[in-house]
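According to UniProt numbering, the sequence shown is numbered sequentially starting from 1.
The beta carbon of each residue, even a glycine, is placed where N, CA and C say it ideally should be.
Keep in mind it's a predicted model, so treat the numbers as computed, not measured.
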Amino acid sequence: MKQNRSGCPVEEVFVQLGGRWKMMILSFLLEKPRRFSEIKNNIPNISQRMLILELNFLENKGFIERNVYEGKPVKVEYSLTEEGQYLDRFILMCREYGEWIRERETMRDSFNHCL
């Protein structure tokens with residue numbers, strides 16, 4: 001752990017999984033292994049370069065693995081490792097919380113239009 005961190009476990013979660021894209025990638029891979037193009041096509045607005053950087057980060061941290069299958073053309077898939085699968089409840093809770101936020105914002109917007 002770096003010296004400038006507080007030691008708070010919540011901070012460590014955000015150091016490992018924070019940012020705009022990491023949780024989206026992990027959430028998508030929770031369903032099944034995916035090819036690079038599948039991930040890219042299902043995560044709006046992520047650039048190819050950013051996706052490569054995020055996949056490399058997640059792989060280096062041990063959350064995902066890159067599997068290469070021989071053939072023509074060579075097939076590459078990304079999947080969650082055992083450590084990545086350990087995040088399943090956390091990812092599902094984040095999805096539920098995101099849905100709750102979306103519903104709350106929709107209700108708030110509807111209420112504001114009535115005023």
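The beta strand (DSSP E) runs of length 3 or more contained entirely in the stretch 74–106 are, from start to end of the chain, 75–80. Counting the other CB atoms within 10 Å of its CB gives Glu54 a total of 16 or more, which places it among the buried residues. Taking 8 Å as the cut-off, the beta carbon of Cys94 is found closer than this to the beta carbon of Met23.
Closest in alpha carbon position to Phe63, among Val10, Arg5 and Asp88, is Asp88. Shortest Cα-Cα distance from Leu30 to any of Ile52, Gly71, Glu82 and Thr106 involves Glu82. Judged by DSSP in its simplified three-state form, Ile43 adopts coil rather than helix or strand. Taking 8 Å as the upper bound for CB-CB distance, Tyr69 and Lys75 are in contact here, some 4 Å apart. Per DSSP, the continuous beta strand (DSSP E) segment holding Asn67 begins and ends at Ile64 to Tyr69.
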